[in-house]
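Novice: Next up is a structure, given as structure tokens.
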């Protein structure tokens, strides 16, 4: 984890592009501080030259100067506040943009490990804490420090020895504020981490609300939420106790400074060693610190909270991308679609291999089917082709080029994917279909929808292709979402097509329609099909049977049935009885046709015609 000074230095880097606004804001803040330091001097003049001597003119002139100073300070404070807030939200804007860009560029491996609720907490709560400090908060902290230094210098210029007596409490004040920050910094980091856990619990519960209600597990989810919420509150309670102990201490130390001024300065003023105006100016300078020093604990609190929050944000931004594109990456133009796996092994976690020495070649225009038990590595193979992950060993080639040497965008622009669990955005049906090609005309969108057997149900909706599908396509059935996902891949017009169990959510009739459409549209493409039902794989050019991460069998449907392997076992479990039943049904139908034909032939015999 980065040190706190590294965090602050990095946050300050976000101010560099906006140096003009920073300059205006801090110059205005500096002028406002200097004008504030002038006020006790003017009050001193009013007392010594006006009240003490009975000079009303001097008193009125000094009062007028104080009014002018107040007006000038109000104007510069306006610029100070405006640009301070502008910087606050501009840095937040830039930081949130960097965070989101990092999230988009990180590979699947990161998103497999990350929790959505925690990421949402970082982009909302953590960046919110950071933005409060880096703009106006930092400016207020700098203003407080400048005022503190300015007050000490002004007091020394007034009376050196009297200032020495009050210097000890001021030094103690700074020391206590720094100690306070050191205590609350790790505490705030834990608080922000716990908020991430709490957000993850809430996100998971809301995402699976259907399952929660179906199993009447609302009390369990509430208990889980309450447990994490209680931990968060306990941490907050600890921070409140620290704050409650230190806050009165800040005011008490300041009161000691005033007491010392009156104790040692009062007799000097009475004896004429210093003027009453000087003593009043010294007290005024000390009182000027009341508000800023009262805020000092709050500002240190804000700084430490921002440090803890920013470290969580930078933790994501600094996460290394495991899928790196080389500087001299090759653009994949007009690919033929040959895909070759050479001794490919892969593990999501070290020591837990998913694929082991996988070798095969998918020729252009071939349909390659992948089948095997759950966890055998089917989806992993298709996830490696677009470089969602990189193989642990071996290499994958498209048209003879290692995909690690290809430009990621050009590679993925040639690959269309229909995932096992289709995801739709909260947009119109047309926008979801055209997600990969937003510039596509409506005619092509409709053509893709027809090919995916989606056009009819789309037309039956309230607004047709302009119908909003809701969050994650909540207004559509599983089969309808799957057909829209297929239409989206078809409109993308890729050279390589990946169908990851894409007919799992449709009925038999719809599956037949989709398969018929895909049979035409898969021509000219290299297609990888993952399916649990053999009926969807029978016509594949090459079937790869996987088990425990290895290809244990390969061939066509008929070739694999001729062997007594895993494919034959799966066939016996799934299709043999069904096909035997269909064959028997066909036999009965044929027998009935023969019987009817014989009856018809008998009725058409010459003697029967004569009888009629």
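Numbering (the working numbering), first residue to last: 1 to 612. The beta-carbon is built from N, C-alpha and C at its ideal position, and this holds for glycine as well. All of these numbers come straight from a predicted model, not from anything done at the bench.
1. Do residue 326 and residue 414 count as a contact pair if the criterion is CB distance below 8 Å?
2. Assuming residue 383 contacts residue 108 (C-beta within less than 8 Å), just tell me the rounded distance between them.
3. By the DSSP assignment, the beta strand (DSSP E) with residue 616 in it spans what residues?
4. Could you check if residue 60 is buried or exposed, using at least 16 other CB atoms within 10 Å of its CB as the buried criterion?
5. Have a look at residue 186 and residue 197 and give me their C-alpha separation to the nearest angstrom.
6. State the Cα-Cα distance for the pair residue 226 and residue 386, rounded to the nearest angstrom.
7. Per DSSP, which one or two residues make a beta bridge with residue 393?
8. Could you check the C-alpha separation between residue 491 and residue 437 for me, to the nearest Å?
9. What whole-angstrom Cβ distance do residue 282 and residue 158 have, given they're in contact under 8 Å?
10. Label residue 73 either buried or exposed according to how many other C-beta atoms from any shown protein chain fall within 10 Å of its C-beta, with 16 as the threshold for buried.
11. Evaluate contact between the region 314-325 and the region 357-370, counting only Cβ atoms and requiring at least three cross-stretch pairs below 8 Å.
12. Given a cut-off of 8 Å on the beta-carbon distance, is the pair residue 303 and residue 89 in contact?
13. What residues match up with residue 170 in a beta bridge as DSSP calls it?
14. What is the residue span of the beta strand (DSSP E) that residue 361 lies within?
15. In the DSSP assignment, find the beta strand (DSSP E) that holds residue 550 and state where it starts and stops.
16. Would you check if the distance between the CB atom of residue 312 and the CB atom of residue 126 is smaller than 8 Å?
17. So does the region 135-146 actually touch the region 80-89, counting three or more Cβ pairs closer than 8 Å?
18. State the DSSP-derived secondary structure class of residue 669, mapped to helix, strand or coil.
19. Let me check understanding here. Comparing Cα to Cα, which of 69, 71, 552 lies closest to residue 371?
20. Taking 8 Å as the threshold, find out whether the region 458-469 comes into contact with the region 438-449 through three or more Cβ pairs.
21. If I measure Cβ to Cβ from residue 256 and keep anything under 7 Å in the same chain, skipping five residues before and after, which residues do I get?
22. Run the CB neighbour count on residue 374, radius 10 Å, all protein chains shown included, and call it buried at 16 or more, exposed below.
23. Assuming residue 354 and residue 380 make a contact with CB atoms under 8 Å, what is their CB distance in whole Å?
24. May I ask you to report which of helix, strand or coil DSSP gives residue 281?
25. For the alpha helix (DSSP H) containing residue 222, name the first residue and the last one.
26. Please report the straight-line C-alpha distance between residue 242 and residue 329, rounded to a whole angstrom.
27. What's the gap between the Cα of residue 585 and the Cα of residue 530?
28. For residue 655, which residues from the same chain have a beta carbon less than 7 Å from its beta carbon, with the 5 sequence-adjacent residues on both sides left out?
29. Closest to residue 9 by CA distance: which of 572, 138, 21, 545 is it?
30. In the DSSP assignment, the alpha helix (DSSP H) including residue 156 goes from what residue to what residue?
31. Relative to the alpha-carbon of residue 451, which residue among 247, 484, 103 has its alpha-carbon at the smallest distance?
32. What does residue 398 pair with, by DSSP beta-bridge criteria?
33. Taking a contact to mean a Cβ-Cβ separation below 8 Å, would you say residue 300 touches residue 180 in this structure?
34. For the putative contact between residue 549 and residue 356, defined by C-beta atoms under 8 Å, what is the C-beta separation to the nearest angstrom?
35. Note down the Cα distance separating residue 177 from residue 68, rounded to an integer number of angstroms.
36. Suppose contacts are defined by Cβ-Cβ distances below 8 Å. Is residue 538 in contact with residue 568 by that definition?
Specialist: The structure says:
1. For the 8 Å CB-CB criterion, residue 414 and residue 326 do not form a contact.
2. With a Cβ gap of about 7 Å, residue 383 and residue 108 count as contacting.
3. Residue 616 lies beyond the stretch modelled for the chain, which goes from 1 to 612, so this question has no answer here.
4. Exposed: under 16 other Cβ atoms inside 10 Å.
5. Looking at the two C-alpha atoms, the distance is approximately 17 Å.
6. Whole-angstrom Cα-Cα distance: 42 Å.
7. Note: residue 393 sits in a beta bridge opposite 345.
8. Distance between the alpha carbons of residue 491 and residue 437 is about 7 Å.
9. That pair is a contact at about 6 Å.
10. The residue is buried, with at least 16 neighbouring Cβ atoms inside 10 Å.
11. No: fewer than three Cβ pairs fall under 8 Å.
12. The criterion of a C-beta distance shorter than 8 Å is not satisfied by residue 303 and residue 89.
13. Looking at the DSSP output, residue 170 sits in no beta bridge, so it has no partner there.
14. For residue 361, the uninterrupted beta strand (DSSP E) run begins and ends at 352-362, by DSSP.
15. Where residue 550 is concerned, the enclosing beta strand (DSSP E) stretches over 550-555.
16. Yes, the Cβ-Cβ distance between residue 312 and residue 126 is below 8 Å.
17. Enough Cβ pairs lie closer than 8 Å, so yes.
18. A query on residue 669 cannot be resolved here, the shown segment of the chain reaching from 1 to 612 and no further.
19. The shortest C-alpha to C-alpha distance from residue 371 to any of 69, 71, 552 is the one to 552.
20. Enough Cβ pairs lie closer than 8 Å, so yes.
21. So the list reads 169, once near-sequence residues are dropped.
22. Answer is exposed; the Cβ neighbour count stays below 16.
23. That belief holds up - the Cβ atoms of residue 354 and residue 380 are roughly 5 Å apart, short of 8 Å.
24. Residue 281 falls in the helix class under three-state DSSP.
25. Unbroken alpha helix (DSSP H) run through residue 222: 218-271.
26. Their backbone Cα atoms lie some 55 Å apart in a straight line.
27. Confidence at residue 585 is low in this model, with a pLDDT of 49, below 50, so its placement is unreliable and no value can be given for it.
28. Look at the range of the chain in this structure, 1 to 612, and you will see that residue 655 is not part of it.
29. For the residues 572, 138, 21, 545, the minimum Cα distance to residue 9 belongs to 138.
30. Here the alpha helix (DSSP H) through residue 156 covers 138-158.
31. Residue 484 is the option with its Cα nearest to residue 451.
32. Looking at the DSSP output, residue 398 shares a beta bridge with 339, 401.
33. Between residue 300 and residue 180, the C-beta spacing is below 8 Å.
34. Correct: roughly 5 Å between the Cβ atoms.
35. Each residue's alpha carbon lies about 34 Å from the other.
36. Cβ atoms of residue 538 and residue 568: not closer than 8 Å.
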